[in-house]
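Just below is one structure, and these are the notes that go with it.
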Amino acid sequence: MTLAARGLRYGFRDRIVGDGVDITLTPGEIACVLGPNGSGKTTLLRTLLGLLPPLGGEVTLDGEPLARWPVRERATRLAYVPQASESYFDFTLRETVEMGRTAHRGVFASASARDRQQAASALERVGLAALAERPIHRVSGGERQLALIARALATGAPHLLMDEPAASLDFGNQALILEELAQLRGSGSAVLFSTHHPDHALRIADRAILIKAGRVMAAGAAAQVLNSENLSALYGRPIDVATVTSPDGTPRRVCVPLGAGSR
1298 MTLAARGLRY GFRDRIVGDG VDITLTPGEI ACVLGPNGSG KTTLLRTLLG
1348 LLPPLGGEVT LDGEPLARWP VRERATRLAY VPQASESYFD FTLRETVEMG
1398 RTAHRGVFAS ASARDRQQAA SALERVGLAA LAERPIHRVS GGERQLALIA
1448 RALATGAPHL LMDEPAASLD FGNQALILEE LAQLRGSGSA VLFSTHHPDH
1498 ALRIADRAIL IKAGRVMAAG AAAQVLNSEN LSALYGRPID VATVTSPDGT
1548 PRRVCVPLGA GSR
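Numbered per our numbering, the sequence shown spans residues 1298 to 1560.
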């Protein structure tokens, strides 16, 4: 099953945010969208999910226009992790994650044994099992974001779209989430995430889409697209992409902003 956009124009009735975007997200791959603030990353993700209608072009799921898919069926195939936000209700983390199973059982049905097992497994995967009965207002912002990621995992959807999933996490939990996303690739899931950290894309992404002012500046294999020239143009300041060797001998590419303090 493939999620794709062709010639996509997206935004709002009174304002076009992006135009001419082509994206294909296939099983077993991780794609990353990078761009400066205001480049339209969140609006693009919401359009790919069907939360906003395209202003032009089309979004398809398994070859069919996304709008033709029943909402409930679409929700079993596309999972969304928004940027962390406050909850109006003091659900426990377990209850929050079990909400990811709603499309499988209906809005008013009680959680089944399978729903509870899927939620427990997702909480375990992101390291929150011990906090399962903690109200969401009594955990940190980073733990709240991990719960949203667990909720998406609990859906079992083959496509996961994540809006800056590691933005509010400390360094250790950022590594945890990147490792979890890499494992999803191995299980056949398709992942599209946005980030402000090119290093995250360098670490796990198969493909990268660079968006500036609502236009795709570059797209393709992450190893080719994420280079010093492209990233410097994207963010408007000199950035060097260097190769370093970790203690175990593994070469890694990292981003180094140049300027004040550079040697």
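For every residue, glycine included, the Cβ atom is placed at its ideal position computed from N, Cα and C. Fair warning: this is a prediction, and the values are worked out from it, not measured in the lab.
Check                                                                                                                                                       : Outcome
Quick test of your reading: residue 1444 and residue 1398, contact by CB under 8 Å. State the CB separation rounded to the nearest angstrom.                : Residue 1444 to residue 1398, Cβ: 14 Å. No contact.
Counting only the same chain and skipping the five closest in sequence on each side, list residues whose C-beta sits under 6 Å from that of residue 1434.   : 1387
For residue 1353, which residues does DSSP report across the bridge?                                                                                        : 1306
I'd like to check one pair, residue 1345 with residue 1302: are the Cβ atoms closer than 8 Å?                                                               : yes
Residue 1305 and residue 1347 - do their beta-carbons sit closer together than 8 Å?                                                                         : no
For the putative contact between residue 1447 and residue 1425, defined by C-beta atoms under 8 Å, what is the C-beta separation to the nearest angstrom?   : 6 Å
Give me the Cβ distance between residue 1330 and residue 1506, rounded to the nearest whole Å; I'm assuming they're in contact under 8 Å.                   : 5 Å
Kindly indicate the opening and closing residues of the beta strand (DSSP E) around residue 1490.                                                           : 1487-1492
Going by beta-carbon coordinates alone, are residue 1371 and residue 1352 separated by less than 8 Å?                                                       : no
Quick one, are the C-beta atoms of residue 1341 and residue 1318 less than 8 Å apart?                                                                       : yes
Give the DSSP-derived three-state secondary structure of residue 1583 in the structure shown.                                                               : No answer is possible for residue 1583: it lies beyond the span of the chain, which begins at 1298 and ends at 1560.
With residue 1515 as the anchor, note down where its beta strand (DSSP E) starts and where it stops.                                                        : 1512-1518
Buried or exposed for residue 1308, please, with buried defined as at least 16 other CB atoms from any protein chain shown within 10 angstroms of its CB.   : buried
Does the region 1321-1330 come within contact of the region 1494-1505, defined as at least 3 CB pairs closer than 8 Å?                                      : yes
Quick check on this structure: which residue in 1527, 1316, 1367 has the alpha carbon closest to the alpha carbon of residue 1510?                          : 1316
Would you mind giving the Cβ-Cβ distance between residue 1481 and residue 1457, rounded to the nearest angstrom? I have them listed as a contact below 8 Å. : 7 Å
Is any heavy atom in the ligand MG found nearer than 7 Å to the beta carbon of residue 1365?                                                                : For the structure depicted, the ligand MG is absent and the ligand set is empty, with no information on it obtainable.
What is the rounded straight-line gap between the Cα of residue 1495 and the Cα of residue 1336?                                                            : 15 Å
Note down the Cα distance separating residue 1523 from residue 1517, rounded to an integer number of angstroms.                                             : 9 Å
Near residue 1376, what residues of its chain come up, given a Cβ to Cβ distance below 6 Å and the 5 sequence neighbours on each side ignored?              : 1449, 1452, 1454, 1457
Could you give the first and the last residue of the continuous beta strand (DSSP E) run that contains residue 1540?                                        : 1536-1542
Which residue's Cα is closest to the Cα of residue 1422: 1378, 1470, 1477?                                                                                  : 1477
Buried or exposed: where does residue 1490 fall if 16 or more other Cβ atoms within 10 Å of its Cβ makes it buried?                                         : buried
Quick check on this structure: which residue in 1369, 1366, 1526 has the alpha carbon closest to the alpha carbon of residue 1553?                          : 1526
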